Structure formats: C-alpha cells, structure tokens
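Colleague:
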Amino acid sequence: MRAVLAVFRHELRRIVTVRPAFSVLILAAVIYAAFYPQPYLNEALREAPIVVVDRDGTSSSREMVRRLDATSDVSVALVLPDLPSAQRAVYERAVSGILLIPQNFERDLLHGRPSPVALYADASYFLIYQRITGAVSAVARTLGAEVESARLVGAGVDPAVAGAVVDPMPLTAVPLFNPQGGYATYLLPAAFVLILQQLLLIGTGLLGTTPDPDRPKAGPLATVAGKHMAYLVPEALILPFYLIALPYLYGIPRLGSAAMVLLFALPFALAVSGLGLIASAVFRTPLAVQLATAAVGLPFFFLAGFAWPPEAMPEAVRLIARLLPSTSAIDGLVRVAQLGAPLSEVAEPFLTLWALAGLYSAIAIALAFRR
Amino acid sequence: MRPRTGLRPGFLLVFQRELVWLRRRRPGLLLLVTLLPLGLMGLLMAIFSAGLATRLPIAVLDLDGSDLSRAIVRTVDATPDVAVAQNVADLAEGRRLILSGTVHGLLMIPRDLERDVKAARRPEVVFFYNTQTLTSGNLVLRGVSNAVPTVAAGIRLSLRTAQGQPMDAAQASLAPIPVQVHGLFNPTLNYAHFLLAALLPSLLQVVVVVASAYSVGLDVETRHRLAILRRLGGGLWPAMAGKVLPYTILSLMVLGIADSVLFGVLDLPLRGQRGILLLAGILFLLACQLLGILLALFLRSTAGAVSVGTLLTAPAFGFMGIGFPRLGMGTFAQGYGALLPGTWYLTARIDQTVRGTPSDLSWSPVLVLVAFVIGLAVLAAWRLEGLRARRRRAGPGRTAAVHGGSAP
Chain A
0 MRAVLAVFRH ELRRIVTVRP AFSVLILAAV IYAAFYPQPY LNEALREAPI
50 VVVDRDGTSS SREMVRRLDA TSDVSVALVL PDLPSAQRAV YERAVSGILL
100 IPQNFERDLL HGRPSPVALY ADASYFLIYQ RITGAVSAVA RTLGAEVESA
150 RLVGAGVDPA VAGAVVDPMP LTAVPLFNPQ GGYATYLLPA AFVLILQQLL
200 LIGTGLLGTT PDPDRPKAGP LATVAGKHMA YLVPEALILP FYLIALPYLY
250 GIPRLGSAAM VLLFALPFAL AVSGLGLIAS AVFRTPLAVQ LATAAVGLPF
300 FFLAGFAWPP EAMPEAVRLI ARLLPSTSAI DGLVRVAQLG APLSEVAEPF
350 LTLWALAGLY SAIAIALAFR R
Chain B
34 MRPRTGLRPG FLLVFQRELV WLRRRRPGLL LLVTLLPLGL MGLLMAIFSA
84 GLATRLPIAV LDLDGSDLSR AIVRTVDATP DVAVAQNVAD LAEGRRLILS
134 GTVHGLLMIP RDLERDVKAA RRPEVVFFYN TQTLTSGNLV LRGVSNAVPT
184 VAAGIRLSLR TAQGQPMDAA QASLAPIPVQ VHGLFNPTLN YAHFLLAALL
234 PSLLQVVVVV ASAYSVGLDV ETRHRLAILR RLGGGLWPAM AGKVLPYTIL
284 SLMVLGIADS VLFGVLDLPL RGQRGILLLA GILFLLACQL LGILLALFLR
334 STAGAVSVGT LLTAPAFGFM GIGFPRLGMG TFAQGYGALL PGTWYLTARI
384 DQTVRGTPSD LSWSPVLVLV AFVIGLAVLA AWRLEGLRAR RRRAGPGRTA
434 AVHGGSAP
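Chains as they are written, first to last, in my numbering: chain A, 0 to 370; chain B, 34 to 441.
#1: Give a yes or no on whether the minimum CB-CB distance between residue 136/B and chain A is below 8 Å.
#2: Buried or exposed: where does residue 179/A fall if 16 or more other Cβ atoms within 10 Å of its Cβ makes it buried?
#3: Please state whether DSSP places residue 443/B in a helix, a strand or coil.
#4: Sort 136/A, 272/A, 138/A, 334/A by Cα distance to residue 353/A and report the nearest one.
#5: From 147/A, 173/A, 169/A, pick the residue whose C-alpha is nearest to that of residue 161/A; which is it?
#6: Reducing DSSP to helix, strand and coil, say where residue 160/B ends up.
#7: Mind pulling the chain B residues with CB within less than 9 Å of residue 132/A?
#8: If residue 198/A sits next to residue 24/A, beta carbons under 8 Å apart, how far is it from one beta carbon to the other, in whole angstroms?
#9: List the residues of chain B whose Cβ lies closer than 7 Å to the Cβ of residue 169/A, in chain order.
#10: Can you check which of these residues, 205/A, 275/A, 195/A, 223/A, is closest to residue 236/A by C-alpha distance?
#11: Whether or not the segment 136-151 of chain A and the segment 215-227 of chain B are in contact is what I'm after, with contact meaning three or more pairs of Cβ atoms, one per stretch, closer than 8 Å; do they touch?
#12: Could you check which residue in 174/A, 362/A, 139/A has the C-alpha nearest to that of residue 137/B?
#13: Let me check understanding here. Comparing Cα to Cα, which of 199/B, 163/B, 68/B lies closest to residue 89/B?
#14: Since residue 171/A is in the beta strand (DSSP E), which residue starts that stretch and which ends it?
#15: What does DSSP give as the partner residue(s) for residue 103/A in the beta ladder?
#16: Buried or exposed: residue 260/A, going by 16 or more other Cβ atoms within 10 Å of its Cβ?
#17: Mind checking whether residue 291/A and residue 302/A have CB atoms under 8 Å apart?
#18: Does any residue of chain B bring its CB to less than 8 Å from the CB of residue 91/A?
#19: Roughly how many angstroms separate the alpha carbons of residue 310/A and residue 347/A, rounded to a whole number?
#20: Is any heavy atom of the ligand MG found at a distance shorter than 7 Å from the C-beta of residue 270/A?
#21: Looking at C-beta atoms only, is the number of pairs between the segment 393-409 of chain B and the segment 301-320 of chain B that lie closer than 8 Å three or more?
#22: In whole angstroms, what is the alpha-carbon distance linking residue 122/A and residue 211/B?
#23: Taking residue 120/A as part of the beta strand (DSSP E), name the residues at either end of that continuous run.
#24: Taking only the alpha-carbon atoms, compute the straight-line gap between residue 325/A and residue 188/A and give it to the nearest angstrom.
#25: Enumerate in chain order the residues of its own chain whose CB-to-CB distance from residue 95/B is below 6 Å, with the five nearest sequence positions on each side excluded.
#26: Answer yes or no: does any C-beta atom of chain B fall closer than 8 Å to that of residue 307/A?
#27: If we count the other Cβ atoms within 10 Å of its Cβ and call it buried at 16 or more, is residue 30/A buried or exposed?
#28: Go ahead and pull the three-state DSSP assignment for residue 35/B.
#29: Could you tell me which uninterrupted beta strand (DSSP E) segments, each at least 3 residues in length, are contained entirely in the segment 109-142 of chain B, listed from first to last along the chain?
#30: Name the one or two DSSP bridge partners that residue 72/A has.
#31: What three-state label does DSSP hand residue 179/A in the structure shown?
#32: Just how far apart, CA to CA, sit residue 348/B and residue 58/B?
#33: In angstroms with no decimal places, state the Cα-to-Cα distance between residue 68/A and residue 281/A.
#34: Using DSSP's beta-bridge definition, name the partner residues of residue 53/A.
#35: Does residue 312/A come within less than 8 Å of chain B when only Cβ atoms are used?
#36: Just to confirm my understanding: we take residue 97/A, look at its own chain, exclude 5 residues before and 5 after, and list those with CB closer than 6 Å. What are they?
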C-alpha cells in the first residue's frame with residue numbers, strides 16, 4: 000500500500016511537471032472545450048438559399064414562393080427566368096436548390112387537376128437536402144390542403160367533414176430528447192466523450208513513455224494501481240467539466256443526474272488510462288505515441304455507432320468497436336445524461352467498461368512484469 | 034568527374050537519403066504515412082459497407098387493434114427504413130425500450146382509431162422518436178411519415194367516393210400540389226459512400242501535416258542538423274525539395290489507392306474532370322506538407338510541431354462542412370474552415386466527383402489551393418532565410434561547438 004501511495008504521489012507530480020503531458024491533459028482540454036463546438040453553435044441550418052423559376056407568374060405561384068420564403072428553413076435567394084441559368088447558380092454554389100413552378104400551375108389548381116411543382120435539391124450535402132425538401136413539401140402540402148378544403152366547402156360539404164376528407168388521420172411526430180433537432184445538441188455530448196478519451200489516452204501514453212529515472216521502487220501491481228489513482232485526480236476535474244459544465248454552458252439539455260453521469264464516467268476513465276498504459280508500452284517514445292494517435296479520433300468516432308447506426312455495421316466491426324472505451328462510453332453516457340436512462344437500462348455498456356478497465360489493467364500489469 | 038554513386042550534393046542526394054532513412058531508421062514514420070491511413074480507410078469502409086441504414090427497429094403501441102391499425106403497422110413495417118421490432122402494452126414499456134436503445138421510436142395508435150376515422154373525427158396517430166441520435170431518428174421518421182399518409186390516402190379516397198365523387202376525380206384531388214423531388218448529384222441518396230469520400234482527405238490532412246512536421250522537425254530542430262541538410266542538398270531549396278518530395282509521392286499513392294477503391298470498387302460517381310481532381314489533390318498534399326514544415330520551422334521542436342499540428346487538424350472535419358454545412362456556421366468557424374487546405378480540396382473534390390461541375394466554374398477552389406501553396410512556401414522561405422541569417426550572425430565557430438546540442 001505504501002508503494003501504491005509512493006507511485007501515486009510521484010505520478011501526480013509528473014502530471015504537472017512533464018510539460019507535454021500537462022499540455023495534453025489540461026491545456027488541450029481547455030482549448031478543445033472552446034474550439035471544437037464552434038461549427039455547431041448555430042444548432043440548425045436556417046435559410047438555405049434556393050432559386051425559383053416561376054414559369055406561371057400568377058398570384059397562386061407567387062403566393063407559394065412567398066410562403067416558402069417565409070419559412071425559417073429556406074430563403075428564396077434568386078428568381079431566374081429559365082432552368083439552365085438556375086442550374087448554373089447551383090454549380091456556383093450560390094444556391095442549393097431549384098424550385099420549378101410550371102406554366103398553368105394556377106389554372107390546373109383552379110380546375111381541380113393535380114398541379115405538380117418540381118424541386119431539384121442539392122443532395123451532395125445531407126442536411127441542406129433535408130431542409131429544402133422538407134420545407135418545400137410542407138408548404139406544398141399546406142397550400143394543397145387549403146385549396147382542397149376550399150373546393151370541398153364550395154361544393155357544399157360540411158367544413159368539419161371537409162377537414163377530415165383532406166386529412167382523416169393526421170400523424171403527429173414527437174421528437175424526444177432533442178426537440179429542436181439541433182446539431183450541437185446531437186453531436187457535442189458524444190464528441191465530448193471522444194475528446195476526453197483521446198486526451199487521456201495521449202496524456203497517459205506520453206507520461207508512460209517519458210523517461211522517468213527517479214521513479215519509486217514498486218511492483219507492477221502497485222505501479223499500475225498508483226498510476227490509475229494519479230490519473231483520476233485531473234480527471235476528477237476534467238470529467239465534470241466536459242460532462243456537466245460544458246453541456247450546460249452550450250445549452251444542451253440534460254435529463255440524467257450529475258451523480259449518475261460521474262458514476263458512469265469512472266470505469267470509462269479507468270479503461271482509457273489502462274489503454275494508455277498499454278499504448279506507452281507498445282509505442283515506447285512520446286513522439287511515437289503522438290504520431291500513432293493523431294489520426295485515429297475520427298475513425299473511433301464513427302466506430303462508436305452514434306453518427307451511423309450500429310445496426311448497419313458488420314458484426315466483426317461491432318466487435319472491434321466494443322474494445323474501445325469510447326464506444327460503450329458514448330452509448331451509455333449519452334443515454335444516461337441526455338435521455339435520463341436509469342442505470343438498469345445502461346447496464347450493458349457500464350459492465351463492458353468495467354470489463355475493459357479490468358482487462359486493460361491486467362495487460363498493463365503483465366507488460367510491467369515483463370519489463 | 035561525376036561520381037555514379039549519387040554522392041554529389043543536390044536534390045537527388047537528399048531525396049535518396051530520405052527514402053533510405055524512412056526504410057531503415059524510421060519504419061514507424063513510413064507506416065504512419067502509408068499503412069495507417071490505408072488501414073483507417075479500410076476500417077471506415079467496413080463501417081459504412083452497408084451503404085444505407087435500413088430496417089431500423091421501432092416499437093408499436095396499438096391501442097385499437099382494428100383492421101385499420103393493423104394495416105398501418107403492416108405498411109410501416111414494409112417501408113425500407115423501419116422494422117416493427119416489438120409490440121408494447123403501454124407507453125411506459127415503449128419509453129423503457131427507447132431508453133435502453135433497443136428501438137429508435139414508438140408508434141402509438143389511439144383507441145377507437147378506426148371508428149373515429151369513419152366518423153370524421155380526425156384521430157391522431159402519434160410517433161415518438163429519438164432525435165438524440167439524429168441520423169437514425171431522421172430515418173425512422175422518414176419511414177413512418179411515408180407509410181401513414183399512404184394508409185390515409187386510401188381512407189381519403191373512400192371518404193370522397195362516399196361523398197359521391199367519381200373515383201378518378203377523387204384520385205386526382207388527393208395531392209393538389211404534388212412535389213416531384215429530384216436529388217441533384219446524388220440520386221440514390223447514398224450518404225455512407227459520400228461520407229467515405231470526404232473522410233479520406235480529412236484523415237490525410239492530419240497524417241500529412243503531422244508526418245511532415247515530424248520529418249522536417251528532426252532536421253531543423255538544431256542549427257547543426259539544418260546545416261548538414263543544406264550541405265547535402267547543395268543549398269536550402271534543393272535540400273528542402275528532396276526532403277519533402279518523398280512524402281508527396283507516398284501520400285499521393287495512398288490517395289490514389291484509396292480513391293481507386295472508392296471510385297472503382299464502391300462505384301462512387303466520377304463525373305468531373307480527372308485532371309482537375311488530380312491537380313487539386315497534389316496541391317492539397319503540398320499545402321498540408323508546407324503547413325507541417327512551417328510548424329517545424331517556427332516551433333523548432335519536433336514534439337511541439339507534432340502536437341500543435343494534431344491540435345489544429347484533428348478536429349478539422351467539423352470545420353470543413355461535410356456534416357454540418359459551412360453556410361450554417363458562425364464567423365469564427367467559417368473563417369477557420371477557410372484556413373484549412375482540406376476545405377478547398379473537398380470543395381474541388383465534390384465538384385469533380387459527384388457534381389460534375391462545368392470546368393469554367395471549377396477553378397476557384399483550385400486557385401485557392403494554389404494561393405495556399407505559394408503563400409505557405411513564401412512564409413517557409415522567409416523563415417529559412419531568417420534562420421540562415423541568424424546562423425551567420427552567430428558565426429560558424431559557435432555552431433561547430435554546439436554540435437548535437439539543442440536549439441535555444
């Protein structure tokens with residue numbers, strides 16, 4: 000026990016004195032907290048610019064354009080006379096979609112014939128496509144329903160019945176947990192967990208590879224235990240900062256209790272520092288640790304099954320993914336914090352993290368024996 | 034007389050030295066610039082191998098149990114996006130399934146749905162869905178909001194014919210303003226493969242900046258080593274070119290291999306002009322290398338250059354606007370994105386692959402990359418000249434004395 004404490008005190012001092020490790024564990028954590036969320040702060044894409052080609056030029060077609068422009072999703076940036084010039088505007092990236100209102104739009108509408116419009120939306124950016132098609136379809140549906148019920152009422156149908164004929168069984172979609180569908184609310188809770196993992200992994204890797212001539216004499220078990228304890232000290236500040244304070248500062252709703260979130264984060268921190276101890280034994284020099292970990296963050300994020308549903312991944316990939324603490328931590332922490340899931344519903348990732356913490360610590364101890 | 038061993042100082046000597054050095058002394062660096070990005074691309078390809086996420090599980094709470102409610106469940110289950118995985122007895126059970134991550138949504142069909150529909154009371158069908166995971170949330174919503182109106186359309190037809198409308202007129206008035214949606218440039222809406230094509234430059238940007246900071250950092254860390262490098266190259270410029278070019282070639286090979294899989298095997302569209310695509314690729318790699326060199330020259334510490342390079346490029350994916358588009362970002366994020374070579378390469382890449390942009394509109398991102406390369410090269414030259422002048426002032430005797438020592 001005395002050896003564990005000696006290692007703990009020594010390693011704690013090194014966290015502050017080994018400059019690269021301090022930079023990664025503390026400074027980088029502060030920088031990323033401000034820097035990483037920047038692209039997503041607006042939460043939603045608004046006023047995606049489109050061009051209108053109005054071949055009808057009637058009050059009905061203008062009404063449709065006016066309503067479209069009034070939505071927050073789309074703005075009518077240009078009105079052009081023909082399709083080729085509109086296409087050019089899309090290629091120039093001046094606009095992201097073309098709404099073509101054909102000739103006789105109003106006449107067909109008044110005669111009770113289907114009066115289609117054509118929408119060409121830039122599908123090379125997913126969110127833009129979704130916004131534009133959603134907005135145009137919604138405006139067309141509302142306008143169409145008004146025309147239809149007006150026609151029915153005109154034909155002598157009871158207005159209440161006319162409403163039912165137009166829409167007999169409305170579908171109400173209720174988004175849960177992220178009601179605005181905000182991008183920051185969606186991405187940041189998961190991304191923060193990944194940042195925590197990468198910083199702790201690199202930090203412990205750097206500490207483990209930096210020469211340490213006056214390290215206290217201790218057995219492998221005491222060394223690993225003491226280091227684990229030492230790494231928990233800065234994490235005791237950084238985990239609450241990233242998992243509780245930052246989501247609050249960025250206005251991300253949290254349903255789970257802070258205590259539950261931190262309880263879940265404990266095996267995560269242990270598993271990551273275990274992995275860091277292994278990484279330092281494998282890579283041997285601080286530079287090798289930095290080089291090997293620089294590019295893996297992005298693939299790790301997609302492995303976590305957050306941005307891309309795990310149901311769509313091959314079984315083998317899902318198995319590999321489970322070996323990374325980030326996979327279970329993102330799944331579990333997001334459900335605990337953002338969805339307010341009780342521990343019983345996140346037992347699987349929680350136990351997986353403890354298992355990984357045990358496994359990686361055991362490997363680290365074995366590697367320390369060999370040395 | 035010219036020695037055939039290639040020992041004459043010059044570009045070729047440094048070039049050869051770098052290759053030998055990579056193979057014998059720094060196999061790790063060789064792995065970093067070749068196998069690591071290829072391996073990570075392979076992993077990402079495996080993650081997205083399904084291409085489309087289909088049949089995502091949802092739960093159903095059917096409080097009606099009528100022919101109509103069963104028809105709704107059947108139609109929802111038949112959409113490609115959604116699979117009805119479970120029937121639940123109450124809302125609490127459905128909520129529990131969503132919290133446990135088993136299902137992505139809950140479709141609730143109210144009691145007496147069929148009776149109320151027939152009585153024109155407009156009962157509501159409610160779909161609760163998890164938008165915390167935006168991708169799957171949007172997919173299950175799409176499936177359900179395609180299926181329910183399909184069932185409703187049948188009811189609307191029968192309601193109209195009951196009002197005495199002829200069948201064809203009733204059919205025509207179902208959707209007074211149908212929207213014919215055409216997805217430009219990506220007709221199958223296959224985002225997985227599209228995302229893959231954008232992830233490759235993001236990975237390469239990190240790898241190339243970091244590798245270049247590392248390899249150049251080792252040679253410029255001390256004045257002594259910088260002097261050796263210059264002597265080997267017979268001048269700073271040939272020395273630098275010989276130092277940098279092996280990595281340009283290796284990275285270009287990695288880009289070529291990964292792209293031949295993307296466009297050859299996964300059949301991503303390649304509609305633009307390959308010449309422009311290749312040119313943009315080379316300029317992008319050079320710009321990334323120069324960025325790494327600048328970090329090495331200004332920080333004068335390999336470890337520092339590598340960590341600052343990582344800090345700047347590892348989170349760059351978000352700033353390049355592939356997930357959340359740049360036009361929705363704030364000023365700082367747009368500005369930072371504009372300072373990344375990857376942003377402009379991705380613009381050119383999307384132009385020349387999926388969009389097939391006409392060539393007269395293709396040049397602006399390429400010209401930005403040219404400006405990057407020239408600007409960064411001028412900065413690097415200015416810094417190198419500065420270092421040389423400082424060295425002259427320090428005097429040749431002193432540098433010999435600090436042989437192998439570290440720079441201040």
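For every residue, glycine included, the Cβ atom is placed at its ideal position computed from N, Cα and C. Since the model is a prediction, treat every value here as computed from it, not as a measurement.
Modeller: Working from what's here:
#1: Working through the second sequence from its first residue, we reach residue 136/B at position 103. Closer than 8 Å: no.
#2: Mapped onto the first sequence, residue 179/A falls at position 180. Label assigned to residue 179/A: exposed.
#3: A question about residue 443/B goes unanswered here, because the residues of chain B that appear run from 34 up to 441.
#4: As a working note, residue 353/A is residue 354 in the first sequence. Closest option to residue 353/A, Cα to Cα, is 272/A.
#5: Position 162 of the first sequence, counted from the start, is the residue given in the question as residue 161/A. That would be 147/A, whose Cα lies nearest to the Cα of residue 161/A.
#6: As a first step, residue 160/B is located in the second sequence; it is residue number 127 there, counting from the start. DSSP places residue 160/B in strand when its eight states are reduced to three.
#7: Sequence index remark: in the first sequence, residue 132/A carries index 133 (1-based). Under the 9 Å cutoff, chain B gives 212, 214, 216.
#8: Along the first sequence, one-based indexing puts residue 198/A at 199. Along the first sequence, one-based indexing puts residue 24/A at 25. About 6 Å separates the two Cβ atoms, so the contact holds.
#9: In the first sequence, residue 169/A corresponds to position 170, counting from 1. Chain B residues near residue 169/A: 155, 157.
#10: On the first sequence, residue 236/A is found 237 positions in, with the first residue counted as 1. Here the closest residue by C-alpha is 195/A.
#11: no
#12: In the second sequence, the residue the question calls residue 137/B occupies position 104. Ranking 174/A, 362/A, 139/A by Cα distance to residue 137/B puts 174/A first.
#13: By 1-based counting over the second sequence, the position of residue 89/B is 56. Nearest C-alpha to residue 89/B: 163/B.
#14: In the first sequence, counting from the first residue as 1, residue 171/A sits at position 172. Where residue 171/A is concerned, the enclosing beta strand (DSSP E) stretches over 170-175.
#15: By one-based count along the first sequence, residue 103/A stands at place 104. For residue 103/A, which the question treats as bridged, DSSP gives no partner whatsoever.
#16: For the purposes of this step, residue 260/A is taken as the residue at position 261 of the first sequence. Its Cβ being crowded by 16 or more others within 10 Å, residue 260/A is buried.
#17: Against the first sequence, residue 291/A aligns to sequence position 292. Against the first sequence, residue 302/A aligns to sequence position 303. No, the pair does not count as a contact, with Cβ atoms beyond the cut-off.
#18: Indexing the first sequence from 1 puts residue 91/A at position 92. Judged by the 8 Å Cβ criterion, residue 91/A is in contact with chain B.
#19: As a first step, residue 310/A is located in the first sequence; it is residue number 311 there, counting from the start. As a first step, residue 347/A is located in the first sequence; it is residue number 348 there, counting from the start. Spanning the two alpha carbons is a distance of roughly 16 Å.
#20: In the structure on display, the ligand MG does not appear, and there are no ligands present to speak of.
#21: yes
#22: Taking the first sequence and counting its residues from 1, one reaches residue 122/A at position 123. Taking the second sequence and counting its residues from 1, one reaches residue 211/B at position 178. One C-alpha to the other measures close to 20 Å.
#23: Sequence index remark: in the first sequence, residue 120/A carries index 121 (1-based). 116-121 is the span of the beta strand (DSSP E), which, as asked, contains residue 120/A.
#24: As a first step, residue 325/A is located in the first sequence; it is residue number 326 there, counting from the start. As a first step, residue 188/A is located in the first sequence; it is residue number 189 there, counting from the start. If you take the alpha carbons of residue 325/A and residue 188/A, they lie about 12 Å apart.
#25: For the purposes of this step, residue 95/B is taken as residue 62 along the second sequence, with counting starting at 1. Only 102, 142 meet the Cβ criterion.
#26: Translated into the one-based positions of the first sequence, residue 307/A becomes position 308. Residue 307/A counts as touching chain B.
#27: If you number the first sequence from 1, residue 30/A lands on position 31. Result: exposed.
#28: Here the question's residue 35/B lines up with position 2 in the second sequence. No answer about residue 35/B holds up, because its pLDDT of 44 lies below 50 and its placement is not dependable.
#29: 115-120, 138-142
#30: Taking the first sequence and counting its residues from 1, the one referred to as residue 72/A is at position 73. DSSP output for residue 72/A lists no bridge partner at all.
#31: Walking along the first sequence from the start, residue 179/A turns up at place 180. Coil at residue 179/A, not helix or strand.
#32: Numbered from its first residue, the second sequence carries residue 348/B at position 315. Numbered from its first residue, the second sequence carries residue 58/B at position 25. Their Cα atoms are separated by approximately 30 Å.
#33: Within the first sequence, numbered from 1, the residue matching residue 68/A stands at position 69. Within the first sequence, numbered from 1, the residue matching residue 281/A stands at position 282. Their backbone Cα atoms lie some 58 Å apart in a straight line.
#34: For the purposes of this step, residue 53/A is identified with residue 54 of the first sequence, where counting begins at 1. Residue 53/A pairs with 100/A.
#35: By one-based count along the first sequence, residue 312/A stands at place 313. Yes, because at least one Cβ of chain B sits closer than 8 Å to the Cβ of residue 312/A.
#36: By one-based count along the first sequence, residue 97/A stands at place 98. Contacts found: 50, 85, 119.
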